[in-house]
Amino acid sequence: MVIINRKIINWMGLALGFIFIASSLLKMFSFPTFAMETGDYIDLYMPSWLHGFQYPCAIVVCQVELMLGLLVLKAKYRRMALCGMFLLLMFFVWLTTVNAFFPTILGSIESCGCFGELIHFTPMASFVKSVVLWVIVGSVLLVGWKQRGFVLETVGLKKSLGCLKDSYLWISACAGWCLVLFSYFFVNILNHGLYMVLYVGICIILAMVTIWCWKNEK
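In structure tokens, the structure reads:
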């Protein structure tokens, strides 16, 4: 049973990782559009001091999603990434709940931008999607919490700082910047076909670098 549960956890972790990666890449494909949608949520549901910071907030969302998606694919960082996913999805559940059930006088925001311009969710569908993913992540954490090899052991400061030398961790943290900056500067300048080819090319290069870092970690 433990082996089966561990296999299920691994497969679910991989599935969650690919979902987060796909969500982030599709958001960044048309980053200015996602930033405008982020601004709508900020203006309606966020504190006033965040108004006008739609671009930094959109960058944070894209970066965090991509980083968590990449880190959960590696057993070394899986629990940490799943905890991050759980907290992020908890925020999205709250936000989509407010948007679906307690909209402002201006009404609900019709598009959540969860998967960029490729898939448009209604407010209710966005709420259901967030809840389902949140429950799945919570279930994986709950089932795997006591399994050997899933819970990280307590380590010393020296060993913890050693993670800073992990190239996979750094590429996970920085990969999104290439895509965000490329989209921000070129999405409205280049021909759509050329832009798509270049964007996919950058994604392939980043994927190859990430895999290389993964395989060559000591």
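Just so we're aligned, residue 3 is where the sequence shown starts under my numbering, counting upward by one. For glycine and all other residues, C-beta sits at the position ideal for the given N, C-alpha and C. Since the structure is predicted, the reported quantities are computational estimates derived from the model, not experimental observations.
When the Cα atoms are used, TYR57 and ILE21 turn out to be separated by approximately 23 Å.
Non-local beta-carbon contacts of SER185 in its own chain, meaning distances under 8 Å to residues more than five positions away in sequence, involve MET30, PHE31, SER32, PHE33, PRO34, TYR201 in chain order.
Boundaries of the alpha helix (DSSP H) harbouring PRO58: 56 to 73, taken from the DSSP string. Judged by their CB atoms, SER132 and LEU68 are not nearer to each other than the 7 Å cut-off. The three-state reading of DSSP puts PHE123 in coil, since its state is none of H, G, I, E or B.
Per DSSP, the unbroken alpha helix (DSSP H) holding TYR170 starts and ends at 169 to 188. Taken through DSSP and simplified to helix, strand or coil, PHE36 comes out as helix.
DSSP lists ILE121 as the beta-bridge partner residues of PHE117. Taken atom to atom, the span from the alpha-carbon of LEU90 to that of VAL139 is near 11 Å.
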